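Chains as they are written, first to last, in this note's numbering: chain H, 387 to 745; chain A, 179 to 539.
First the structure, in the form of structure tokens, and then the observations on it.
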């Protein structure tokens, strides 16, 4: 008979989990595996709340396995290392992002693209190699194979830097892959939330001109004066959208709800690229004519490999880029999820795990 | 008052035109401009029948101006050249494809991408620089600015090379642009019609492994034995499609009807590319998850610039690539259009203009 979450592993653990599709989280006792030879055990200090966490707790994608402990923007301190661990020692500040394992043998893994490995193991709601379920960072400790642990730069604040582990790499990877790094080119960022605001900062650091595209006119002041965007386009204003036709070299589309692609595609120049990063539950409508007539493309991207995630963290440390956050206590998680559903956060909630997670 | 088509230009011309959205074509007297200093005038010998012609005669895209003479896969022999023409002389075998004008001053034109110029002028149904409407190749003569004329090498048969001027460049350009032309790659071709069959030939000549994806199992033998495809997938056969998941570097999708994208995205390897060259009028459903999970992309492409069109013709000549055609007399054209609606042609109709288009006067 399968063991209960509390008994299946030797190290006691405690966190908050959602038990059903209401998505409400509550205290949850479970356990973590013993620190293996290649493993690192981490005391969790902070964990960012990603919109994926919200999608998952409510089973919006249809594959949640309850109980689910979300959280894949984890920053903490190493407390134990296995005997073969080379990269880390006790006391190191580290991060864990969206994946905690992969096959290590396939073409994707060999190319440092573990995030595209067909056997990739997600930090939560996934099956480990030993057949047990993974639990995420809304918890006190996590045990991870050192390969999938990131060195967290000293000069990055651990709370404001936590969201980089998903939001950061999710925008950084496609910006590199699809060539959005030529200074002077014009990037559009659709959606000014957890992903969008980091995309603006990274885009500016790449030397790009950045336009934020949003349905909310009241985000304009922040976008320009605080985040450094060059301009702001209200997507529900037909006249403004028309005037901006054919002006963007690329668009990072971070919107996670179903939304029309046609207006965004029209903003692109010839050969323009629309990279979609949000994960709506239903398919989007894609008009083909404008793609054909303008040789434009729509591409996807899904976080990044470990090597690139480290590169992104170091890049952000070098350029002083972190997320804009609202720090919350673990007990406020359900309230935060409700506010997140209404996009009422500037721009990421981060749970102060170490100071507020008590049994 | 605007002049009638017959008298608006000095040179008499004759062709077949559609008059209304029934799309039925019938004899039509009109006129062509005098050969300007940069123009090439040629006697039309053959013209391919492109599916776009069918869309346009029936006004399916909503942009048709009647009377409409279609035809943008035009080949023939030069009869006159303007005083400033450098590349062609009388007697040369030439062709004209999808466009006859562009602005020549924008970034796209500067980069040999006249096909993406915002002021690009289509070979038929568009307004030329002088304000008159352009008429296409279902006619006895063509006058075109030399910039938009390509040379047809001697070793290419004129009739079977006509379709290259649209179908050929439409598939050649994205194979190059999206990097699906490297030996050893695996590319799928969706739809085995005018575009699809040429895509198979070009891809094979580039050293690429080709799988044809089609709804029609009865096209399999031809695809493998005659066109040289390496394999054939019946898109409605779930088992076959499942077995081929994650095997293709790219797919050239030539289907212009509504069709599901999800199964095609599934056929792509990680970082694979789905390229649309068929243009369905209504939007298609794009499933986002599979695009993200494999960092895949979906792009479009629209024929090609003049430099690349000539490069494509020369590549075809080098590799002996032509279209598989059914030559028809002009008065069969309405029947041909009906058969084209049912995809009943292997794989392009070509009108024998030189021998069968005769003015009634």
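All C-beta atoms in this analysis are idealised placements derived from N, C-alpha and C, irrespective of residue type, glycine included.
Source: prediction; values computed, not measured.
- No Cβ-Cβ contact shorter than 7 Å links residue 218 (chain A) with residue 278 (chain A).
- Looking only at H:602, H:627 and H:634, the smallest Cα-Cα distance to residue 596 (chain H) is reached by H:634.
- DSSP places residue 443 (chain A) in the uninterrupted alpha helix (DSSP H) bounded by 440-445.
- In the structure shown, residue 350 (chain A) falls within a helical segment according to DSSP collapsed to helix, strand and coil.
- Chain order gives the chain A residues near residue 563 (chain H) as 473, where near means a beta carbon separation below 8 Å.
- DSSP places residue 562 (chain H) in no beta strand (DSSP E) but in the uninterrupted alpha helix (DSSP H) bounded by 553-563.
- For residue 312 (chain A), the secondary structure class from DSSP, reduced to helix, strand or coil, is coil.
- Residues of chain A whose Cβ lies closer than 8 Å to the Cβ of residue 671 (chain H) are, in chain order, 461, 462, 463 and 464.
- Three or more beta-carbon pairs separated by less than 8 Å are not found between the stretch 436-448 of chain A and the stretch 646-654 of chain H, which leaves the two stretches without contact.
- Per DSSP, residue 231 (chain A) is one residue of the alpha helix (DSSP H) stretching across 229-235.
- Counting of Cβ neighbours within 10 angstroms places residue 316 (chain A) among the buried residues, the total reaching 16 or more.
- Under the 7 Å criterion on CB atoms, residue 449 (chain H) is classed as non-interfacial with respect to chain A.
- In terms of beta-carbon proximity, residue 294 (chain A) lines the interface with chain H, with at least one pair separated by less than 7 Å.
- Taking a Cβ-Cβ threshold of 8 Å, the residues of chain A close to residue 687 (chain H) are 470 and 473, in chain order.
- Following the DSSP letters along the chain, one finds residue 437 (chain H) in no beta strand (DSSP E) but inside the alpha helix (DSSP H) bounded by residues 437-443.
- A:451 is the residue among A:205, A:304 and A:451 whose C-alpha sits nearest the C-alpha of residue 367 (chain A).
- Contiguous alpha helix (DSSP H) elements confined to the stretch 505-554 of chain H occur at 544-547, taking only those with 4 or more residues.
- Taking 7 Å as the CB threshold, residue 384 (chain A) stays off the interface with chain H.
- Taking 9 Å as the upper bound on Cβ-Cβ separation, chain H lies near no residue of the stretch 364-394 of chain A.
- When DSSP states are grouped into helix, strand and coil, residue 317 (chain A) belongs to the strand group.
- Proximity to residue 561 (chain H) across H:576, H:592 and H:583 peaks at H:592, based on C-alpha coordinates.
- Residue 679 (chain H) and residue 294 (chain A) have their alpha carbons spaced roughly 7 Å apart.
- For residue 657 (chain H), the enclosing beta strand (DSSP E) starts and ends at 654-662.
- Using a Cβ-Cβ cut-off of 7 Å, residue 457 (chain A) is close to 674, 675 and 678 of chain H, given in chain order.
- Residue-level contact check: residue 488 (chain H) does not touch chain A, since none of the beta carbons of chain A fall below 7 Å from its beta carbon.
- Contact with chain H is found for residue 286 (chain A), since one of that chain's Cβ atoms lies less than 7 Å from the residue's Cβ.
- Taking one beta carbon from each stretch, the stretch 413-420 of chain H and the stretch 541-560 of chain H have fewer than 3 pairs nearer than 8 Å; the two do not touch.
- Apart from the 5 residues on each side of it in sequence, residue 527 (chain A) sits with its Cβ closer than 6 Å to the Cβ of 227, 504, 506 and 514 in its chain, given in chain order.
- According to the DSSP assignment, residue 627 (chain H) belongs to the alpha helix (DSSP H) that extends over 624-629.
- By the Cβ test, the stretch 477-495 of chain A is not in contact with the stretch 691-705 of chain H, since fewer than three Cβ pairs between them sit closer than 8 Å.
- Residue nearest to residue 463 (chain H) within the set H:637, H:440, H:431 and H:565 is H:431 (criterion: CA-CA distance).
- For the stretch 682-710 of chain H, the residues whose beta carbon sits under 7 Å from a beta carbon of chain A are, in order, 682, 683, 684, 685, 686, 687 and 688.
- With a beta-carbon spacing of about 25 Å, residue 706 (chain H) and residue 637 (chain H) fall beyond the 8 Å limit used to define contacts.
- Distance check between residue 523 (chain H) and each of H:540, H:516 and H:551 places H:551 closest, using alpha-carbon atoms only.
- Secondary structure at residue 474 (chain H): coil, using DSSP grouped into helix, strand and coil.
- The bridge partners DSSP lists for residue 722 (chain H) come to none.
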